[in-house]
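Note sheet for the following structure.
Numbering (mature numbering (1 follows the signal peptide of the UniProt record, and there is no 0)), first residue to last: -26 to -1, 1 to 49.
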């Protein structure tokens, strides 16, 4: 019975975490290729969606041009 008191809240917490996680569309490949942190292109703390991927101006430029050359300066 004591184990159930620990397992049930822990399982609920894990389920809540998985239920609220967003799907990431970026891959570490871009980070390795450009040698820049993810925050260069992605807004910190913003929740991306399919229609609004939470990109910074640099990220929008990279999405369109597939290069960081000529991109606006990261803030």
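Beta carbons: idealized from backbone N, C-alpha and C, even for Gly.
**Message:** Please state whether the Cβ-Cβ distance between residue 32 and residue 12 is less than 9 Å.
**Reply:** no
**Item:** Endpoints, the alpha helix (DSSP H) within which residue 2 is located
**Value:** 2 to 8
**Message:** Let's test the definition: count the other Cβ atoms within 10 Å of the Cβ of residue 42 and tell me whether it reaches 16, buried, or not, exposed.
**Reply:** buried
**Message:** Let me confirm a value: residue -8 is counted as buried when at least 16 other C-beta atoms fall within 10 Å, else exposed. Which label applies?
**Reply:** exposed
**Asked** In terms of DSSP beta bridges, what is residue 29 paired with?
**Response** For residue 29, which the question treats as bridged, DSSP gives the partners 16.
**Request:** Note down the Cα distance separating residue -23 from residue 29, rounded to an integer number of angstroms.
**Result:** Straight across, the Cα-Cα distance linking residue -23 with residue 29 is about 43 Å.
**Message:** Taking 9 Å as the threshold (beta carbon to beta carbon), is residue -19 in contact with chain B?
**Reply:** Of the chains in the structure shown, none is chain B; there is only one protein chain.
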